[in-house]
Every structure is written in structure tokens, then in C-alpha cells.
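*Asks:*
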Amino acid sequence: MAIVALTSARGAPGVTTTALAMAMLWPRPVVLVEADVAGSSSILAGYLRGTVPPDRGLVSLAVAHRRGVLDEKFYDQTIALIENRVRLVPGLVNAQQAASMDKLWSPLSIVLANLERTGTDVIVDAGRLGMRHGPMPLLRSADAVLMVTRTTLPAVSSARARVNVLREDLVELGQGDDTLAMLLIGEGQPYRAREIHSALGVPVLASMAWDQAASDSLSVGAPYGRRFAAAPLFRSTRVVIGAVHELIDRHRTRLAPAAESLMEEHTYG
5 MAIVALTSAR
15 GAPGVTTTAL
25 AMAMLWPRPV
35 VLVEADVAGS
45 SSILAGYLRG
55 TVPPDRGLVS
65 LAVAHRRGVL
75 DEKFYDQTIA
85 LIENRVRLVP
95 GLVNAQQAAS
105 MDKLWSPLSI
115 VLANLERTGT
125 DVIVDAGRLG
135 MRHGPMPLLR
145 SADAVLMVTR
155 TTLPAVSSAR
165 ARVNVLREDL
175 VELGQGDDTL
185 AMLLIGEGQP
195 YRAREIHSAL
205 GVPVLASMAW
215 DQAASDSLSV
225 GAPYGRRFAA
235 APLFRSTRVV
245 IGAVHELIDR
255 HRTRLAPAAE
265 SLMEEHTYG
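Numbers 5 to 273, taken from my numbering, label the letters of the sequence shown in order.
1) Assign residue 159 to one of three DSSP states: helix, strand, or coil.
2) Residues in its own chain within less than 7 Å of residue 183 by CB, not counting five upstream and five downstream?
3) By a C-beta neighbour count over all protein chains shown, 10 Å radius and 16 as the cutoff for buried, is residue 80 buried or exposed?
4) Evaluate the contact criterion for the region 46-66 versus the region 217-230: three or more CB pairs, one atom per stretch, below 8 Å.
5) From residue 266 to residue 114, what distance separates their C-alpha atoms?
6) Using the beta-carbon count (16 or more within 10 Å), is residue 103 buried or exposed?
7) Could you give the C-beta distance for residue 160 and residue 203, rounded to a whole number, given that I count them as a contact under 8 Å?
8) Quick check on residue 246: does DSSP put it in helix, strand or coil?
9) I'd like to check one pair, residue 139 with residue 110: are the Cβ atoms closer than 7 Å?
10) Any chance the CB of residue 115 is under 6 Å from a heavy atom of the ligand FMN?
11) Within 10 angstroms of the Cβ of residue 38, are there 16 or more other Cβ atoms? Answer buried if so, exposed if not.
12) For residue 27, does the count of other Cβ atoms within 10 angstroms reach 16, so buried, or fall short, so exposed?
13) Looking only at DSSP bridge pairs, what is residue 35 linked to?
14) Mind the definition here: the region 162-182 touches the region 13-20 only if three or more C-beta pairs lie below 8 Å; say whether that holds.
15) Quick check: the Cα distance between residue 76 and residue 61, rounded to an integer number of angstroms?
16) How big is the Cα-Cα spacing for residue 209 and residue 246?
17) Which term fits residue 179, buried or exposed, when burial requires 16 or more other beta carbons within 10 angstroms of its beta carbon?
18) Given this structure, state the Cα-to-Cα distance separating residue 273 from residue 259, to the nearest angstrom.
19) Going by C-alpha distance, which of 97, 9 and 54 is nearest residue 42?
20) Leaving out the 5 sequence neighbours to the left and right, which residues in its chain are closer than 8 Å to residue 170 when beta-carbon positions are compared?
21) Could you tell me the distance, in whole angstroms, from the CA atom of residue 211 to the CA atom of residue 168?
22) Does DSSP classify residue 140 as helix, strand or coil?
23) Within 10 angstroms of its Cβ, does residue 218 collect 16 or more other Cβ (buried), or is it exposed?
24) I need the straight-line Cα distance from residue 216 to residue 72, nearest angstrom please.
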């Protein structure tokens, strides 16, 4: 495993909640990166309810990059969500800071990719696709790119307007369109996976359950109760994680022959 990036075609379909749920249940150590340039850390203000000061995160990483110490200072700009198993890189404090990210995204993608060597994976909350100063280099370097969408007609229509542009970008500048899949929020409300696949021409990876109570516990820190781990949201998250593993395995299997061919050319060239 390595980098999994989540994005959306329109606002508030559940990208941050899904990314956080995946990070909490991820089977290996994981870093969750809030790369949404819309401004403010949804996790600091929501799940953590403002109990952690916004003094670490992307802006400090941009400063570290300018000073040539991005690798060394990376973990200093993370906070522990679940001991050291799940760590968070908080996002921007406000949208005005987005322009300072342009020179950070590409070097940060290299740092994140290198975390796999230490047994750590990465989940990126990339926010809405197409935002100015957005984190496209992180999507291009990802082993899985999940476009998150509700299943309403307006949501599917927005996804259709964006997904082909994203697919072309991944083919030309990224790891290929086999990294791309749709992740549905609330399948059957009203459209099903088969219908959305037919409309978009992109595989549907899985569906997250529509679970308002558990979502509120992650998005605004609302109390849930003793059966938190058994909530439908988390049951579906486990299915999503398994499907992500399979997607990445297929992608890396495709890349393996090409990598071996390049090595042979280099050796015998």
C-alpha cells in the first residue's frame, strides 16, 4: 500500500468524513493529509472540537520546504489522532494560504511516497477537484484515486462533468486511469452502482453507508455511544478498505511488467 487520495466534484459529499473513517480503521500506520485548499481544518474544528491549536500542518510544511528541510520536519507537523498509528497533517487555516501550496505539492508527494518504506501509508483528503492551487500532484502520485459522490442526480451530473478531465490527467501526468474509481455515499438514494457506472464510465469501487449519527461523530465530534465501532458507517468502511487494497494490487500488477522491462533495457541496453 502507499497513497490513497479522495476527491469530489462538488462540495460536501463526505470526503473528509470518509477519509477520517478510513484512517481510523486502516490496518497499518497511516498519515491523513488534509489537502483541501478551501481553508480551515475540518478535523481540528470538527472531530477534535477545537481542542488542538492550529499551529502545525501544511503551511509550516511549505515553510520547511523553502528552507530545504521538508523531509526532516515532516513528522513535526503532524498530530496524533490514535496514538502513533494514525497521524494527521492539518490543513490550511484559511483559503488565503492556498497560493503558498503551489510549490509544496510536488515535493510533498515524494515525501509521502517514501513513507511506504517505513511501513506507513497515506490517505489524502484532496477536497473538491479543480480548485485553484489544488493538490493535483498528490492525486497524480496516488496508487488509488477515489472520486467521492452522493447518488443524487445533481451529484452524479457534477461527477460526470469532472471525471473525464481527471481521468485524462491521470493518464497523461499520473500513474494511469486504473488508479481511478468512484466511491458512493448512500448507494440507492436514488441511483445504484450499476447505473452510476453506466453514466460515468468509471468503475464503482464500493459504497459508504448513509449513517448520519456516526458521520456527525466524525465531522462535528458528536457523542455516539458504546456501539460506535459497530456503526453502519464503519462496517462499510471496512469493505471500502478491502476494495482499495484490491484496486492497488491490480494497479501494481499492471505496472510490474513495465518496470521489469525498463530494468532489462537499463541492464542490457
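All C-beta atoms, glycine included, are put in the ideal place defined by N, C-alpha and C. All values derive from a computational prediction rather than experimental measurement.
*Replies:* With the structure as the only source:
1) The DSSP-derived three-state label of residue 159 is helix.
2) In chain order, 146, 147, 148, 149, 174 and 255 place their CB closer than 7 Å to the CB of residue 183, counting only its own chain and leaving out the 5 sequence neighbours on each side.
3) Burial check for residue 80: the Cβ neighbour count within 10 Å stays below 16, so the residue is exposed.
4) Because the criterion of three Cβ pairs below 8 Å is met, the region 46-66 and the region 217-230 touch.
5) Bear in mind that the predicted position of residue 266 carries a pLDDT of just 45, short of 50, making it too unreliable to give a figure here.
6) Residue environment: residue 103 is assigned as exposed (fewer than 16 neighbouring CB atoms within 10 Å of its CB, all protein chains considered).
7) Right, the Cβ-Cβ distance comes to about 6 Å (below 8 Å), so this counts as a contact.
8) Helix, per DSSP.
9) Remark: C-beta atoms of residue 110 and residue 139 do not approach each other more closely than 7 Å.
10) Although the ligand FMN was asked about, the structure shown includes no ligands whatsoever.
11) Its Cβ being crowded by 16 or more others within 10 Å, residue 38 is buried.
12) Classification for residue 27: buried.
13) Here residue 35 is bridged, per DSSP, to 91 and 126.
14) Touching, yes, given that three or more Cβ pairs across the two stretches are closer than 8 Å.
15) If you draw a straight line from the Cα of residue 76 to the Cα of residue 61, it is about 14 Å long.
16) Roughly 10 Å between the two C-alpha positions.
17) Buried, by the Cβ-count rule.
18) Residue placement at residue 273 cannot be trusted, given a pLDDT of 49 that sits under 50; the coordinates are not used to answer.
19) Shortest Cα-Cα distance from residue 42 to any of 97, 9 and 54 involves 97.
20) Here the set comprises 11, 133, 143, 149, 151 and 184.
21) Cα-Cα distance, rounded: 21 Å.
22) Three-state DSSP puts residue 140 in a helix.
23) Counting Cβ neighbours within 10 Å, residue 218 comes out buried, since at least 16 surround it.
24) Their backbone Cα atoms lie some 44 Å apart in a straight line.
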